[in-house]
Amino acid sequence: MAADEKRVRVATLGDYPPYCFYKEGVPPKSHEVVPPGSDAESFQGYSWDILRESFHARGYTIELVITPWVRAMANVREGDADLLFPAGKNSEREAYFTYPRVPINDAAFRIYVNPDSSIEWTDLSSLDGLTIGLVRGYNFGDDWAHQNEIEKYPLNTIEQGFRMLASNRLDGFAGYETNWDYVLKEMGQQGRFEKLPVFGSSREYVVGLTSNPATDTLLREFEAGLATIQDTGEFQRIVERWR
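Counting with numbering that gives the first Met the number 0, you get residues 0 to 242 for the letters of the sequence shown.
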C-alpha cells in the first residue's frame, strides 16, 4: 500500500437485500478490496452503492469485510474494521458507536402474519404471550427491546422466518418492510402474508467506534463524499437504479 493511499476498512452483512447482499451466480467473497472507479465482484446493494461512491469521491480505497451481522458488529467493536453499515440507532449502540448526521437508508418495522391471524393490533402489547420470530442482531428500537412478555424467537435468516411463519411455527415475524418485501418477491411469495401496522422505524447509518480516534475523520469524509455525489447527480442515479 502506498504511503499516501487513503484506505477504509468497512464491515457489513451479505444477506440484507436490497441494501447489502451477494450477487446471484457469483461465488461469494468475505473480503474484497475496491479501489476508486471499481466495484465489488460478488457484492451489491443500494447502501453499498452509496457508501462506495461517497468514499471513492474522496479518493478512498475500500476494504470490504462481509460476515453475518453479529460478527460484523464485533469486527468494529474489536478494532478489526473501521466502520460498520448499515446500523440503526438504539440506546445500547449509541453508548459505543458514533453516528454521522446523515443516514444511508431507512427501515420501517412491521410484524408479518398469516392471513388467518387472530391478532387484534393496538400496539406491541398486542403480541404479549405470542411467539414472534426475529433475525439475530437486528435492531427494532428501545420499545421492542423493553417488551418482555413477547416470546422472541431468534432466527438465522429472513427466509427461515417466512418458512416458519408459513408452517404456523410462529405467530408473527418481525422485519424491516423494504428488505423483507424484497425477500418475499425473490421467494415468489408476494402477497402471501399480511402486515400489522408499523410499530417503529429507524434510520440506518455508517457508524464507527467512539473510542477509535479515526472514526470522526472517516465519518466526515463519508459525509463530504455523499454531498459530492448528491451534487454530481450520482446519488439520484443510484436511487433510480434501485427503485
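Here a beta-carbon is modelled for each residue, glycine too, at the ideal position from N, C-alpha and C.
From a predicted model like this one, the values you see are computed outputs, not experimental measurements.
Collapsed DSSP secondary structure at residue i in the structure displayed
{"i": "Thr97", "result": "strand"}
{"i": "Thr209", "result": "coil"}
{"i": "Lys184", "result": "helix"}
{"i": "Phe42", "result": "strand"}
{"i": "Leu169", "result": "coil"}
{"i": "Arg70", "result": "helix"}
{"i": "Glu193", "result": "strand"}
{"i": "Tyr14", "result": "Looking at the sequence provided, one finds Asp at residue 14 rather than Tyr. DSSP places Asp14 in strand when its eight states are reduced to three."}
{"i": "Gly224", "result": "helix"}
First through last residue of the alpha helix (DSSP H) which encompasses residue i
{"i": "Arg236", "result": "233 to 241"}
{"i": "Lys5", "result": "Looking at the DSSP string, Lys5 is not in any alpha helix (DSSP H); the run it does join, the beta strand (DSSP E), is 5 to 11."}
{"i": "Ile118", "result": "Taken as a continuous stretch (DSSP letters only), Ile118 belongs to no alpha helix (DSSP H), as it is neither H nor E."}
{"i": "Ile157", "result": "157 to 165"}
{"i": "Gly327", "result": "Absent from the structure is residue 327, since the part of the chain shown begins at 0 and ends at 242."}
Paired residues, beta bridge with residue i - DSSP
{"i": "Ile49", "result": "Bridge partners of Ile49: none, in fact."}
{"i": "Phe54", "result": "Phe54 pairs with nothing; no bridge assigned."}
{"i": "Ser200", "result": "Ala107"}
{"i": "Val33", "result": "Ile61"}
{"i": "Tyr21", "result": "Phe42"}
{"i": "Tyr152", "result": "Gly132"}
{"i": "Tyr137", "result": "Looking at the DSSP assignment, Tyr137 forms no beta bridge with any residue, so it has no partner."}
Endpoints, the beta strand (DSSP E) within which residue i is located
{"i": "Gly78", "result": "Neither: Gly78 is in no beta strand (DSSP E) and is coded neither H nor E."}
{"i": "Ile131", "result": "130 to 134"}
Same chain only: Cβ atoms within 6 Å of residue i, ignoring 5 sequence neighbours per side
{"i": "Ala56", "result": "Gly224, Thr227, Ile228"}
{"i": "Pro67", "result": "none"}
{"i": "Ala107", "result": "Glu176, Val197, Ser200"}
{"i": "Lys250", "result": "The question about residue 250 has no answer here: the residues shown for the chain are numbered 0 through 242."}
{"i": "Leu129", "result": "Asp170"}
Status (buried if at least 16 other CB within 10 Å, exposed otherwise) for residue i
{"i": "Asn147", "result": "exposed"}
{"i": "Arg168", "result": "exposed"}
{"i": "Asn155", "result": "exposed"}
{"i": "Leu16", "result": "According to the sequence displayed, residue 16 carries Pro and not Leu. Looking at its Cβ environment, which holds 16 or more other Cβ atoms inside 10 Å, Pro16 is buried."}
{"i": "Val9", "result": "buried"}
{"i": "Ala144", "result": "exposed"}
{"i": "Thr216", "result": "exposed"}
{"i": "Pro180", "result": "As written in the sequence, residue 180 is Asp, which differs from the Pro given in the question. Buried, by the Cβ-count rule."}
{"i": "Ala39", "result": "buried"}
{"i": "Asp230", "result": "exposed"}
{"i": "Gln189", "result": "exposed"}
Close Cβ partners of residue i (< 7 Å) along its chain, the five nearest in sequence each way excluded
{"i": "Pro99", "result": "Tyr204, Val205, Leu218, Phe221, Glu222"}
{"i": "Ser46", "result": "Tyr18, Cys19, Phe84, Pro85, Ile103, Asn104"}
{"i": "Pro153", "result": "Leu133, Arg135"}
{"i": "Ser53", "result": "Phe221, Gly224, Leu225, Ile228"}
Nonlocal neighbours in the same chain, by C-beta distance under 8 Å from residue i, ignoring five residues either side
{"i": "Glu193", "result": "Tyr111, Val112, Asn113, Pro114, Ser116"}
{"i": "Met186", "result": "Glu158, Phe161"}
{"i": "Ala213", "result": "Asp81, Gly207"}
{"i": "Tyr95", "result": "Arg76, Leu208, Thr209, Ser210"}
Any non-hydrogen atom of the ligand ZN closer than 8 Å to residue i Cβ
{"i": "Asp127", "result": "Within the structure as shown, the ligand ZN is missing, as the structure has no ligands at all."}
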